[in-house]
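Numbering (UniProt numbering), first residue to last: 1 to 259. Contents: one structure, followed by commentary.
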C-alpha cells in the first residue's frame, strides 16, 4: 500500500500537471470566470473558480482552476482570493471579459458586490446572473407569496430544525430528510420526495417527541406539526408542490449543463 503522504504527493503532482495544461491551452486569450462559495465539512468557507474561454480550435471550454479558502464571504475577501488565484497562474483581472455568479448581494451588488469590484478594474468583464439561480429565486418568491404553499415550506424548515427527525431517530431509516436552501430549490424537491416516503415515520417521531420530550415548547411544536400533517390541505399541497418542483428541477438541471 502507498503511504498517505506519498498519495498526497501524487495527487498534488497530478493537479499541477493538469493546471499547467489548462494554462497552456488558454495561452494569451481572454477569459471569463465562474465562481461560487460554500462551507466545507470542517465549516470553513471556500470558493471554487472556473475559467471559461474559447480555445485555439474555436471550442468553448470550462476548466476548473482551483479552490480558494476565504476568511469571510465579503466581496472584498472573495475578490482578494480570486486575485491571488489568478496571480498564481500568471493571470490578471484585466483579461477577464465575463463574470458568472449567483444573485447574492456580496456577488452582484451594484456598489460593493464582487462583480462591481472587478468591473472597476476590467470594464469589459460583463456580469451574467446564473440562469438556474434566477429560476430558484423566482420559485422562492412565488412560494412565499402563496397562502397555501408558504406553510408547507415553513413546516419543512421547522421540522428540519429537529435533529432527531432529520436522522429518523430510532426508526432505522435508509432515507433521511435533506436540509433545503432557498437558492437551491432542487434540494427542496429532494426534501419533499423524502418527506412523502417518510410521512408515517415523521409522524411517528413527532408523536414520540410530543409524549416523551420534557421541554414544554418542544412538545407544543411537535403537536402543532402533527396537527398540520393530519390536514388534507397539507397532504394535497405537498404532492402538488412535489409535482411542480419535479418539472422545475428538470429545467434547473438542464440550465446547469455545459451544452
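No residue lacks a Cβ here, since even glycine has one placed at the ideal position from N, Cα and C. Predicted model, so just to flag it, every value in this text is computed and none were measured.
What are the boundary residues of the beta strand (DSSP E) that residue i is part of?
i, result
"residue 71", "Premise fails: residue 71 is in no beta strand (DSSP E) and is neither H nor E."
"residue 48", "45-54"
"residue 230", "Taken as a continuous stretch (DSSP letters only), residue 230 belongs to no beta strand (DSSP E), as it is neither H nor E."
"residue 5", "First-last for residue 5: 4-26, but that is the alpha helix (DSSP H), not the beta strand (DSSP E)."
"residue 95", "Per DSSP, residue 95 belongs to no beta strand (DSSP E) and is neither H nor E."
"residue 32", "31-39"
"residue 57", "First-last for residue 57: undefined, no H or E at that position."
So, at 7 Å on beta carbons, what are the nonlocal neighbours of residue i in its own chain, with the 5 sequence-adjacent residues on each side left out?
i, result
"residue 104", "none"
"residue 95", "30, 31"
"residue 173", "Caution is warranted here: a pLDDT of 45 is assigned to residue 173, below 50, making its placement in the model unreliable, and no coordinate value can be reported."
"residue 110", "116"
Please classify residue i as buried or exposed, where buried requires at least 16 other C-beta atoms within 10 Å of its C-beta.
i, result
"residue 17", "exposed"
"residue 102", "buried"
"residue 124", "exposed"
"residue 250", "exposed"
"residue 189", "buried"
"residue 65", "buried"
"residue 113", "buried"
"residue 211", "exposed"
"residue 33", "buried"
"residue 196", "exposed"
"residue 152", "buried"
"residue 86", "buried"
Taking residue i as the reference, which of the options has the closest Cα?
i, options, result
"residue 192", "245, 211, 141", "245"
"residue 106", "120, 83, 75", "75"
"residue 224", "2, 242, 154", "154"
"residue 63", "23, 39, 73", "23"
"residue 51", "91, 138, 80", "91"
"residue 248", "108, 100, 135, 226", "135"
"residue 130", "36, 27, 8", "36"
"residue 98", "111, 115, 214", "115"
"residue 40", "230, 139, 127, 70", "70"
"residue 202", "218, 109, 222", "222"
"residue 15", "242, 200, 89, 43", "89"
"residue 80", "7, 121, 217, 110", "121"
"residue 146", "241, 20, 208", "241"
Excluding five sequence neighbours on each side, which residues of the same chain lie with their C-beta closer than 8 Å to the C-beta of residue i?
i, result
"residue 325", "This structure gives no information on residue 325, because the portion of the chain shown stretches from 1 to 259."
"residue 83", "93"
"residue 10", "2"
"residue 175", "Unreliable placement is indicated for residue 175, whose pLDDT of 48 sits below 50; no coordinate value is reported for it."
CB-CB under 6 Å to residue i, same chain, minus the five flanking residues each way: which ones, in chain order?
i, result
"residue 67", "46, 48"
"residue 234", "228"
"residue 8", "none"
"residue 226", "206"
Following the continuous alpha helix (DSSP H) through residue i, name the residue where it begins and the one where it ends.
i, result
"residue 114", "114-121"
Give the list of continuous alpha helix (DSSP H) stretches no shorter than 4 residues that lie fully inside the region 186-216. 199-212, all fully within the region 186-216.
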